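Here the structure comes first, spelled out in structure tokens, and everything after it is commentary.
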Amino acid sequence: MVPGVTVSARLIRLGDMSELTFTPTADLVDEIGPDVRSCDIQFTQYGGRREFAGHVVTVRCFQDNALLKSILGEPGEGRVLVIDGASSLHTALVGDVIAELGRSNGWSGIVINGAVRDASTLATLDIGIKALGTNPRKSTKSGVGDRDVPIELGGVVFTPGDALYSDADGIVLVAPEESEPNSGS
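Numbering (the numbering used here), first residue to last: 40 to 224.
Below, the structure written as structure tokens:
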């Protein structure tokens, strides 16, 4: 049994939904069973926080990081920004300045279907960061992209509001309609 998580008739109780408490992904898989939503992409960990959890905010952008910088400038409240950069490794979407902006605003993590830069510095920041790889080249800053849209990555759909859990084993998602606040029982 995982502390803070119970499964009853496929109802997952996660406790207080304002900020999630980290639960190991393997434990979640054991509790949820074969219907678990786990991402098949083998992301590399770049941030200093190796384990993180939070509610999903999404952005879709291609080689342009102005929109995601704007989002990470908002209060994070323990959320996780999931970025679909179309798997492009041509330019970095997140570097040390943007990652520090997210950390200082209370974001729990950033998952990038694309590249990062300043990898040595990212490893020192207390924020979870997963990406496909690195490239020192900067992205454009025109603000083109879509926010709060479903994003399909690694065989699962990341939907705004999903509960995301990430660790060395991977990423697990729990949809809001599958969860409700723990009543304390």
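No residue lacks a Cβ here, since even glycine has one placed at the ideal position from N, Cα and C.
Please read all numbers here as calculations on a predicted model, not as lab measurements.
Residues of the same chain with a CB within less than 6 Å of the CB of Gly193, apart from the 5 flanking positions on each side, are Cys78, Asp79, Ile80 in chain order.
In the DSSP assignment, Leu132 falls within the unbroken beta strand (DSSP E) covering 119-133. Inclusion of Pro199 and Val75 in the CB contact set at 8 Å is not warranted, their separation being larger than that value. Residues Val98, Cys100, Gly182, Gly184, Arg186 of the same chain have their beta carbon placed closer than 7 Å to that of Leu106, with the five preceding and five following residues left out of the count. For Val211, the uninterrupted beta strand (DSSP E) segment begins and ends at 209-213. With respect to Arg89, Asp165 sits apart: the two C-beta atoms are not nearer than 8 Å. Between the region 133-142 and the region 60-69, the count of C-beta pairs closer than 8 Å stays below three; the two stretches do not touch. If you check the CB distance, Leu132 and Ala162 do not come in under 8 Å. A straight line joining the alpha-carbon of Gly145 with that of Gly167 spans about 11 Å. In the structure shown, Val68 adopts helical secondary structure according to DSSP, grouped into three states. Leu111 and Gly117 have their C-alpha atoms some 11 Å from each other. Taken atom to atom, the span from the alpha-carbon of Gly209 to that of Phe82 is near 8 Å. Rounded to the nearest whole angstrom, the CA to CA distance from Val196 to Ile190 is 5 Å.
By alpha-carbon distance to Ala92, the top candidate from Leu59, Asn104, Val213, Gly134 is Leu59. At a Cβ-Cβ threshold of 8 Å, Asn104 and Lys169 do not count as neighbours.
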